[in-house]
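Numbering (UniProt numbering), first residue to last: 1 to 568. Where is the CB? At the ideal position from N, CA and C, for every residue including glycine. Below you'll find the structure, written out as structure tokens, and then a few comments.
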């Protein structure tokens, strides 16, 4: 192990003139109150930047500084340090050569941590200093729970093979806290939350069990040979959701709350019978993060200003449209949160209620007892509301009630599963709504998609390939005018995908006189033509291309979104 001397960071910083003695005394007092290390306290008090502190430690200790934002980790090498020790001492194995193992450390002056690691790893250790925030992100990225999930699945498979009983019949009376199936589910949820998955899919196949997670809109798969554990997983999830564990021939829907990594997660569960068992899909909603405001959703400023004007209208219908998982509900809740004041009565009709909002009267649709969107909406209008939100306009009856509510002094917000803003208004006509009613009620349509955001840690300039050049030319865009394009190379921060997070792409269609007249006449061609001639109307693909020019997303993502719009 490289021998490190115990240094007094504060005294050395003062002696080199980086901070004053008075600043050191203030930091020492603050350190006593918080219990944090002095270096952390100095950075927190903004007496020194983190990079300045790390450069200072690198010089004083004679150790390298490693930038983890572009570092490619070796999955096998990382596991040399057990996860418990890595998280406890905030260290990561980086490289190994003839001189020993290079460990990235948030605090390379922690002699106790180094001694503990040497005794555990039994080889020469060379410390390096790294940024703490990058280290914490890397810990979550490299210490995935996939191996643990596989190990527990194998253990559960062996247990089922030995007993050869149907675990569904044993679960209600068993010691669930000790059961491998429970530990497997806990690990599965922890891994999903750790990587920011929005959905978990459990799919039994003929010979294997597939566990898939949707991360930033893309599914990532893990295949298990222990196919027989599928029944145990599904039965336990049904119990947690209050569903009938003996019913395996019909689909069922449920929900439950769990706490994972100090986060409250609302899980919406759907089961469906397949040829080889039951498929389960779980949508994960992080309730602890709170609702996003309209300012946080990512709408361009000009479009957001126009959208805000419409939601402040006293009456009329505003529709938000897009496919499943495009962020429609997030946008609607952001609007409701902004409108939620003591002076306004707001009623929502949802299936299901995704977020609980104070002061807002939220109704959960229940088809089993006849509580449909239409029946609840009729009752809601007798409750003297100012604003009504309908989760989705699924049929002619719901659409007509919503449209007439908008005509009679209510602001109505709702969603439709349509392709773009232009086709949404025409969809209402296809559902059987009268043209004059749609023209009198509809005020605006917001269409949206989500595109993946390029990872900030591995973003680099990119040139369009032949296929992308052809697409640009097909859109009537001169490739020479498209500059600033970037893509993600792939790194540990984004699990080598090149993307991290998503950003919304929007188009807003305002229903003015010309468009309303076309709706009244039922002239779909005139409506579509007039819509695309609006000066303020920017189609989804062009909005996404604007993000690509800013380096926020890739041209490949723009083309993917444009393909979705054209295909639907």
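Just mark residue i as buried or exposed, buried being the case when its beta carbon has 16 or more other beta carbons within 10 Å.
{"i": "residue 369", "result": "exposed"}
{"i": "residue 296", "result": "exposed"}
{"i": "residue 547", "result": "buried"}
{"i": "residue 423", "result": "buried"}
{"i": "residue 419", "result": "buried"}
{"i": "residue 111", "result": "exposed"}
{"i": "residue 238", "result": "buried"}
{"i": "residue 115", "result": "exposed"}
{"i": "residue 459", "result": "buried"}
{"i": "residue 328", "result": "buried"}
{"i": "residue 122", "result": "exposed"}
{"i": "residue 42", "result": "buried"}
{"i": "residue 252", "result": "buried"}
{"i": "residue 204", "result": "buried"}
{"i": "residue 34", "result": "exposed"}
{"i": "residue 27", "result": "buried"}
By the three-class DSSP mapping on this structure, what secondary structure does residue i have?
{"i": "residue 386", "result": "coil"}
{"i": "residue 117", "result": "helix"}
{"i": "residue 16", "result": "coil"}
{"i": "residue 89", "result": "helix"}
{"i": "residue 473", "result": "helix"}
{"i": "residue 222", "result": "strand"}
{"i": "residue 361", "result": "strand"}
{"i": "residue 254", "result": "strand"}
{"i": "residue 197", "result": "strand"}
{"i": "residue 127", "result": "strand"}
{"i": "residue 213", "result": "strand"}
{"i": "residue 65", "result": "strand"}
{"i": "residue 312", "result": "coil"}
{"i": "residue 180", "result": "helix"}
{"i": "residue 537", "result": "coil"}
{"i": "residue 202", "result": "strand"}
{"i": "residue 561", "result": "helix"}
{"i": "residue 264", "result": "strand"}
{"i": "residue 527", "result": "helix"}
{"i": "residue 106", "result": "coil"}
{"i": "residue 279", "result": "strand"}
Assuming the contact rule is C-beta atoms closer than 8 Å, residue i and residue j should be a hit. Round their C-beta distance to whole Å, please.
{"i": "residue 230", "j": "residue 215", "result": "So it is not a contact: roughly 22 Å between Cβ atoms."}
{"i": "residue 405", "j": "residue 381", "result": "6 Å"}
{"i": "residue 240", "j": "residue 256", "result": "5 Å"}
{"i": "residue 412", "j": "residue 317", "result": "5 Å"}
{"i": "residue 415", "j": "residue 391", "result": "7 Å"}
{"i": "residue 96", "j": "residue 135", "result": "Not really, about 18 Å apart at Cβ, beyond 8 Å."}
{"i": "residue 99", "j": "residue 126", "result": "6 Å"}
{"i": "residue 498", "j": "residue 488", "result": "3 Å"}
{"i": "residue 50", "j": "residue 131", "result": "6 Å"}
{"i": "residue 281", "j": "residue 201", "result": "5 Å"}
{"i": "residue 331", "j": "residue 446", "result": "7 Å"}
Who are the near neighbours of residue i in its chain, counting only those whose CB is closer than 8 Å to its CB and skipping five residues on each side?
{"i": "residue 12", "result": "56 and 60"}
{"i": "residue 383", "result": "345, 347 and 361"}
{"i": "residue 349", "result": "363, 365, 373, 376, 377, 380, 388, 389, 390 and 391"}
{"i": "residue 21", "result": "14"}
{"i": "residue 117", "result": "81, 85, 89, 91, 103 and 125"}
Take residue i and list the residues in its own chain whose beta-carbon comes closer than 6 Å to its own, dropping the five residues that flank it on each side.
{"i": "residue 23", "result": "47"}
{"i": "residue 54", "result": "65 and 129"}
{"i": "residue 302", "result": "none"}
{"i": "residue 209", "result": "224, 227 and 230"}
{"i": "residue 293", "result": "334"}
{"i": "residue 457", "result": "69, 491 and 493"}
{"i": "residue 520", "result": "435, 436 and 439"}
{"i": "residue 557", "result": "451 and 452"}
{"i": "residue 220", "result": "213"}
{"i": "residue 38", "result": "9, 10 and 31"}
For the ligand NAD, is there a heavy atom less than 7 Å away from the beta-carbon of residue i?
{"i": "residue 297", "result": "Absent from the structure shown: the ligand NAD. Ligands present: none."}
By Cβ distance below 7 Å, which residues in the same chain neighbour residue i in space, the five residues on each side in sequence not counted?
{"i": "residue 561", "result": "449, 451, 505, 540, 541 and 544"}
{"i": "residue 93", "result": "77, 78, 80, 81, 101 and 103"}
{"i": "residue 141", "result": "492, 493 and 495"}
{"i": "residue 286", "result": "263 and 265"}
{"i": "residue 8", "result": "none"}
{"i": "residue 555", "result": "464, 468, 485 and 548"}
{"i": "residue 242", "result": "254"}
{"i": "residue 298", "result": "503 and 504"}
On the three-pair Cβ rule with 8 Å, is the region 434 to 454 touching the region 504 to 515? Taking 8 Å as the limit for Cβ pairs, the verdict is that the region 504 to 515 does touch the region 434 to 454.
So, do the region 216 to 236 and the region 276 to 287 have three or more beta carbon pairs nearer to each other than 8 Å? Counting Cβ pairs under 8 Å, three or more are found: they touch.
Does the region 445 to 454 come close enough to the region 475 to 482 to have 3 or more Cβ pairs within less than 8 Å? Because the criterion of three Cβ pairs below 8 Å is not met, the region 445 to 454 and the region 475 to 482 do not touch.
So, does the region 525 to 544 touch the region 457 to 470, judging by three or more C-beta pairs under 8 Å? Output reads no: the region 457 to 470 does not touch the region 525 to 544.
Determine, using beta-carbon pairs with one atom in the region 261 to 269 and one in the region 331 to 341, whether at least three such pairs fall under 8 Å. Three or more beta-carbon pairs separated by less than 8 Å are not found between the region 261 to 269 and the region 331 to 341, which leaves the two stretches without contact.
Check whether the region 353 to 362 touches the region 393 to 401, counting contact only when three or more Cβ pairs, one atom from each stretch, lie closer than 8 Å. Here the region 353 to 362 does not lie against the region 393 to 401, with fewer than 3 beta-carbon pairs under 8 Å apart.
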